[in-house]
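Colleague:
Rendered as structure tokens:
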């Protein structure tokens, strides 16, 4: 009789299973309509997140409170959410027409509304990925809140530590703290959080603003207060999903309205039957690449193109950016600010109206009709499929769009290299399912050589959420025969829409060209280089514009 093998799972396998469990659990909770994150209904989600221990959430599994991860999450959630026991995820249900003021998080474009002292409504208009993003962030901060509770609640009778009493006095004082009062409060907060005074001092101002300089203390106090009330009074925090959201989600309602608006503008300007090139990028790189050199040649005399782009990216460059935009509009650019909830702005460029001799691309050449460029802002996760699928559909069922190419310029995490490097994918792999999308990329690594930027070529993994990745799983994808070079959230969703439109539904030409290129916003395998460690700053300017220019050179037939 053979001895039974002791089969154990690797950390990568455990992590993959945890992500799958989170995905299934979040879908289940959404269908259920509500749950209590720190109650029995939230057990599975909490356990999976603790098993996964994503890099972006830092020391989530330790007793001490994770500060950088908390900052990352707070910047993506609405002001005041730490005070709310009831969080209601809704569709666009008309709150913009009410007296409620929209609260928009600084690092995530989503409208949120404070209904009363206890309730925050968050509008979900960008699909399921928005829900996954919010639920994982909320699960993280609620776990952290119970760490605070564990350190300040001394017994079952509700007695709290002296540090907590002093923090409460500082927060409820409701006035800006002087230097001495602030440092006393930080000392007490550091004890509560299990961190050093220096740890807290270093990150304190990052949480604050001009109006709320001491917000860090406020956040810590309210997270701990609600956690204490959950234990002492059984006042559980509750997340609900509105009936309208549950009814609408997955039906492309916002994407269909958004795409129809674009096609209506194309029809009004007699552009609907022209060759079309779709570019997913930001709202400045295409416009600046074409027009900035001419408009700003005297303002930034003697500076190279990339130095001009870097100047334009600075917060103080509003005047220069406005000049470039005015020139673009004079030469046929149509700007379509987002109005239907997708948070995806659009620019349409009629290349027949561009004065190519004075542009940055004087060698532009077109054999037949001059094309139309549709530049769409970044989609978010699964929203990429919803929007591009709707955009590639015929106009009113019988007018097919002559889409010549779809180009994706995005930012992604890199697994070999550093911030600002470039990745050229040849396939996208869906994390968790191993569904894969191979394609012929019109861009190659060779095209980017000689510019002082490292370039990597290979497969990329499309993840459920960047906040769910950990080192073990990413190392497996990178070091195994998958050979993954980076991770992002939209690639396979874009490709799914393009393939179905070109190969199956025949709504766009079957030989449509695709271009994908990403610049690295972070390296989640390197300590100190994750998304939670801060943004790219100006180091992202050169790869952004280099990718944009290579895409435009191909569209404009410049060798």
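Numbering (the numbering used here), first residue to last: 548 to 1106. For glycine and all other residues, C-beta sits at the position ideal for the given N, C-alpha and C. Remember, it's a predicted structure, so these values are computed and weren't measured experimentally.
Flag this pair as touching only if the segment 774-792 and the segment 866-885 have three or more C-beta atom pairs under 8 Å; answer yes or no.
Modeller: At 8 Å Cβ cutoff, the stretches do not touch.
Colleague: Look up residue 1063 in the DSSP assignment and say whether it is helix, strand or coil.
Modeller: Strand.
Colleague: Near residue 988, which residues of its chain fall below 6 Å by C-beta distance, leaving aside the five closest residues on each side in sequence?
Modeller: Answer for residue 988: 973, 1063, listed in chain order.
Colleague: Where does residue 560 sit, in a helix, a strand or coil, going by DSSP?
Modeller: In this structure, residue 560 counts as helix in the three-state DSSP scheme.
Colleague: Candidates 981, 899, 595: which alpha carbon is nearest residue 822's?
Modeller: Measuring from the Cα of residue 822, the nearest candidate turns out to be 899.
Colleague: Whole angstroms are fine: how far does the CA of residue 1012 sit from the CA of residue 680?
Modeller: Residue 680 and residue 1012: Cα-Cα distance of roughly 6 Å.
Colleague: In the DSSP assignment, find the unbroken beta strand (DSSP E) run with residue 1003 in it and report its ends.
Modeller: That run of the beta strand (DSSP E) goes 1002-1009.
Colleague: According to DSSP, is residue 896 helix, strand or coil?
Modeller: Residue 896: strand per DSSP, three-state reduction.
Colleague: Below 7 Å between beta carbons: does that hold for residue 981 and residue 1035?
Modeller: No; because the gap between Cβ atoms is not below 7 Å, this pair is not in contact.
Colleague: Just curious, the beta strand (DSSP E) that residue 922 is in, first and last residue?
Modeller: Taken as a continuous stretch (DSSP letters only), the beta strand (DSSP E) holding residue 922 covers 919-923.
Colleague: Using 10 angstroms around the beta-carbon of residue 945, count the other beta-carbons present and answer buried if the total reaches 16, otherwise exposed.
Modeller: Exposed, by the Cβ-count rule.
Colleague: Kindly indicate the opening and closing residues of the alpha helix (DSSP H) around residue 731.
Modeller: That run of the alpha helix (DSSP H) goes 726-740.
Colleague: My understanding is that residue 805 touches residue 889, with C-beta atoms under 8 Å, so please give their C-beta distance in whole angstroms.
Modeller: Contact holds; Cβ gap of about 5 Å.
Colleague: Return the residue from the list 796, 649, 942 that minimises the CA-CA distance to residue 812.
Modeller: Of the candidates 796, 649, 942, the one whose C-alpha sits nearest the C-alpha of residue 812 is 942.
Colleague: So, is residue 721 buried or exposed, given that buried needs 16 or more other C-beta atoms within 10 angstroms?
Modeller: Result: exposed.
Colleague: Based on the DSSP output, what are the partners of residue 707 in its beta bridges?
Modeller: According to DSSP, which records beta bridges pairwise, residue 707 is partnered with 700.
Colleague: What distance in whole Å lies between the Cβ atoms of residue 937 and residue 799, which are believed to be in contact at a cut-off of 8 Å?
Modeller: Yes, residue 799 and residue 937 are in contact; Cβ-Cβ is about 6 Å, under 8 Å.
Colleague: Would you report the Cα separation of residue 865 and residue 928, rounded to the nearest angstrom?
Modeller: Their Cα atoms are separated by approximately 30 Å.
Colleague: Would you give the residue range spanned by the alpha helix (DSSP H) that residue 751 belongs to?
Modeller: Run containing residue 751: 744-754, per the alpha helix (DSSP H) assignment.
Colleague: Just to confirm, are residue 824 and residue 918 a CB contact at a threshold of 7 Å?
Modeller: Against a cut-off of 7 Å, the Cβ pair of residue 918 and residue 824 comes out as a contact.
Colleague: If we call anything under 7 Å between Cβ atoms a contact, is residue 979 one with residue 567?
Modeller: In contact: residue 979 and residue 567 (Cβ atoms closer than 7 Å).
Colleague: Output the boundary residues of the beta strand (DSSP E) element that contains residue 1049.
Modeller: No beta strand (DSSP E) contains residue 1049, which DSSP labels as neither H nor E.
Colleague: DSSP state of residue 1056, grouped into three classes?
Modeller: If DSSP states are grouped into helix, strand and coil, residue 1056 belongs with coil.
Colleague: Which of the three DSSP states, helix, strand or coil, is assigned to residue 950?
Modeller: Note: residue 950 maps to strand in three-state DSSP.
Colleague: Are the CB atoms of residue 733 and residue 1014 within a distance shorter than 7 Å?
Modeller: No, Cβ-Cβ distance for residue 1014 and residue 733 is not below 7 Å.
Colleague: Figure out for me which residue from 1065, 990, 950 has the closest Cα to the Cα of residue 970.
Modeller: Of the listed residues, the one whose Cα sits closest to residue 970 is 1065.
Colleague: Shortest alpha-carbon distance to residue 931 belongs to which of 956, 916, 912?
Modeller: Residue 956 is the option with its Cα nearest to residue 931.
Colleague: Nearest-angstrom Cα distance between residue 755 and residue 664?
Modeller: Their Cα atoms are separated by approximately 21 Å.
Colleague: Going by C-alpha distance, which of 1105, 711, 967, 1027 is nearest residue 1000?
Modeller: Closest option to residue 1000, Cα to Cα, is 967.
Colleague: Report the rounded CA-to-CA distance for residue 837 versus residue 677, giving the unit in angstroms.
Modeller: For residue 837 and residue 677, the distance between alpha carbons rounds to 33 Å.
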